[in-house]
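Here is the structure we will look at.
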Amino acid sequence: MPEIEKAKRIKKLMHRSGYRGFKEVDLILGGFAKAHAAELSETEFSQFETLLEEKDHDIFDWITGAQPTPSEFDTPLFSKLCSFTPDILK
1 MPEIEKAKRI KKLMHRSGYR GFKEVDLILG GFAKAHAAEL SETEFSQFET
51 LLEEKDHDIF DWITGAQPTP SEFDTPLFSK LCSFTPDILK
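When we follow our numbering, the leftmost residue of the sequence shown carries the number 1, and every step to the right adds one.
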């Protein structure tokens with residue numbers, strides 16, 4: 001992927017991750033995107049974009065373990081995201 005296109009995708013991903021309307025999810029996803037977006041593989045990047053299509057409350061419940069993570073999101077990327085999540089939110 002050309003660097004300009006990748007930079008645009010990263011910028012969009014970071015915005016969508018950090019301004020969702022659910023403060024805790026903003027902090028988790030936005031912080032993760034800021035820390036890791038540039039190093040994600042194309043597959044991980046696509047998985048993260050797909051995750052952003054889900055409802056904030058569902059994402060929060062999956063991360064905190066309040067609900068089981070659906071199989072389509074039970075990926076190494078999601079494990080990284082859960083490991084990144086501050087303990088206070090779990």
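Backbone N, C-alpha and C fix where the C-beta goes; we use that ideal spot for every residue, glycine too. Only a predicted model underlies this, so the values are computations on that prediction, with no experimental measurement involved.
State yes or no: is the C-beta of residue i nearer than 7 Å to some heavy atom of the ligand FMN?
i, result
"residue 48", "Although the ligand FMN was asked about, the structure shown includes no ligands whatsoever."
Between the Cα of residue i and the Cα atoms of the options, which residue gives the shortest distance?
i, options, result
"residue 37", "71, 66 and 9", "9"
"residue 72", "64, 12, 83 and 44", "44"
"residue 63", "21, 84 and 47", "84"
"residue 2", "79, 67, 42 and 82", "42"
"residue 66", "33, 77, 82 and 53", "82"
Tell me the residue span of the alpha helix (DSSP H) that contains residue i.
i, result
"residue 7", "3-18"
"residue 23", "23-36"
"residue 51", "42-51"
"residue 83", "76-84"
Which class does residue i belong to by DSSP, given the choice of helix, strand or coil?
i, result
"residue 66", "coil"
"residue 39", "helix"
"residue 54", "coil"
Would residue i be called buried (16 or more neighbouring beta carbons within 10 Å of its own) or exposed?
i, result
"residue 28", "buried"
"residue 59", "buried"
"residue 4", "exposed"
"residue 17", "buried"
"residue 7", "exposed"
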